[in-house]
Amino acid sequence: MNILLYLAILILGAVIGYKNVFGSFLSEKIGVIQNCALLFLLLIMGISIGIDENVIQYFGVIGYQSMILAIFSIVGSILAVKIIAKKVLGQEEGIEDDI
Numbered sequence: 002m003n004i005l006l007y008l009a010i011l012i013l014g015a016v017i018g019y020k021n022v023f024g025s026f027l028s029e030k031i032g033v034i035q036n037c038a039l040l041f042l043l044l045i046m047g048i049s050i051g052i053d054e055n056v057i058q059y060f061g062v063i064g065y066q067s068m069i070l071a072i073f074s075i076v077g078s079i080l081a082v083k084i085i086a087k088k089v090l091g092q093e094e095g096i097e098d099d100i
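Each position in the sequence shown, counted from 1, maps to that position plus 1 in our numbering.
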């Protein structure tokens, strides 16, 4: 898909959130909706990986490298969020509770 489509959908979502089109209902349920969407995405990605015979065949070779990349990505993301929240937003409480 085109990157412009992704940007357009992101901007549309930001406008909908800013205008509060759906009221408090969506605001209260957004976390549940995000978790369900993420779980569905992970399921689809797992199915896609399982179907691809090349991935299964070379899993031992790429598995170790993928695991290292994933671990560093997760740790880097968590550290980046903590640093940004602390410096930019001035928040120190509650960050540790979420992790």
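The beta carbon of each residue, even a glycine, is placed where N, CA and C say it ideally should be.
Simplified DSSP assignment, three categories, for residue i
i, result
"Gly61", "helix"
"Asn3", "coil"
"Ile23", "The residue you asked about is not Ile; residue 23 is Phe in the sequence shown. Coil."
"Ile100", "Low confidence applies here, because Ile100 scores a pLDDT of 49, under 50, leaving its location unreliable and the question unanswered by this model."
"Ala9", "helix"
Opening and closing residue of the alpha helix (DSSP H) in which residue i lies
i, result
"Gly91", "It is not in any alpha helix (DSSP H) - Gly91 carries neither H nor E in the DSSP assignment."
Presumed contact (8 Å Cβ cut-off) between residue i and residue j, rounded CB distance
i, j, result
"Ile48", "Val56", "So it is not a contact: roughly 12 Å between Cβ atoms."
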